[in-house]
């Protein structure tokens with residue numbers, strides 16, 4: 007992204023490119039798409055991008071912890087012979 011450009015227009019252009027790739031048989035999942043945008047955003051939006059990356063990381067850690075908790079609860083209910 008070029009500094010001073012409207013990020014909405016830039017993101018819309020990136021979404022169009024993503025659609026073109028999809029039509030050519032190449033898919034980009036949502037997480038990869040979002041991370042690509044956050045890593046390439048203009049320096050003037052860097053603090054906002056860092057906040058989003060932090061929230062994504064925290065959410066991922068919470069999901070992993072919940073998964074491990076559910077897994078351990080399910081495993082403790084099994085009786086092995």
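Numbering (my numbering), first residue to last: 7 to 87.
Ideal Cβ positions, reconstructed from N, Cα and C, are used throughout, including at glycine.
Exercise for the section: Rounded to whole angstroms, what's the CA-CA distance from residue 58 to residue 79? Just pull it up for me. Expected result: 31 Å
Practice task
Evaluate residue 70 with the Cβ neighbour count: other Cβ atoms within 10 Å of its Cβ, from every protein chain shown; 16 or more gives buried, anything less gives exposed.
Solution key: exposed
Exercise for the section: Take residue 17 and list the residues in its own chain whose beta-carbon comes closer than 8 Å to its own, dropping the five residues that flank it on each side. Expected result: 43
Practice task
Could you tell me the boundaries of the alpha helix (DSSP H) in which residue 18 lies?
Solution key: 13-29
Handout entry: Cβ-Cβ distance between residue 34 and residue 13 below 8 Å
Key = no
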